[in-house]
Amino acid sequence: MTQYKIPESVLVVIYTPAMDVLVMERTDKPDFWQSVTGSRDTPDEPLLETAIREVAEETGIDAGCGVITDWQIRNVYEIYPVWRHRYAPGVTQNTEHVFGLCVPEGTAVTLAPREHLRYRWLPWREAADLCFSPSNTEAILLLPRYHQPEIMSAL
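As C-alpha cells, then:
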C-alpha cells in the first residue's frame, strides 16, 4: 500500500540573532535552495511537533537550543507538478504553516544527505533572493517583523 504525503506542511525559517538565515540546496533539484520544509506524519500530528521533527531530520538541530515560534502564517499553494506523485491522486494543493527558529550563532548543521546537498548561512535578504519557492522567499522577507531581539539576545 502506498503511503501518500499529507498536503499540510510546515516551513521553518532558521535564523540567528543577527538575522542570518540557513538555506539548503535540495538533492533532487540542485540549485533549488530552501528553508526546512516537511509534511505532517499523521493528520493529527501537532504542527509544532512537525516543525521540531523536520528541523531535526533535515539539519540535525535540536529546536530546544533556540526559540521556535509559530508565525501564524498559512500559505495555500499549488504543489509543483514534479512532486505531485507523492500525494494522493487528485491532490494539487498544499497548506503550509510558517514557523521561525532563532538559534545561537555557530549552531552546527548536519544535513540529511537524501534531502540536501549543502547549506549556507546568509544575511536574510540574500537568503530570500536565493530561495526558489515564493512562499519561502516571502517568509524570509517577513523575518524583521517576527524577530524579537530582546528575547533572542539570551541565546
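Anchor point for the sequence shown: position 143 equals 128 in my numbering, and the numbering is continuous, going up by one each time. Backbone N, C-alpha and C fix where the C-beta goes; we use that ideal spot for every residue, glycine too.
- If you compare the alpha carbons of 23, 3 and -12 with that of residue 11, the shortest gap goes to 23.
- The C-alpha of residue 113 lies about 9 Å from the C-alpha of residue 6.
- DSSP places residue 24 within a strand segment (E or B) once states are collapsed to three.
- Contact check for residue 17 against residue 84 fails: the beta carbons are separated by 8 Å or more.
- Residue 54 is positioned such that its CB atom lies no closer than 8 Å to that of residue 94.
- Residue 19 sits buried, since 16 or more C-beta atoms from the chains shown fall within 10 Å of its C-beta.
- Between residue 88 and residue 51 a beta carbon distance of about 4 Å is seen, short of the 8 Å cut, so the two are scored as contacting.
- When DSSP states are grouped into helix, strand and coil, residue -6 belongs to the strand group.
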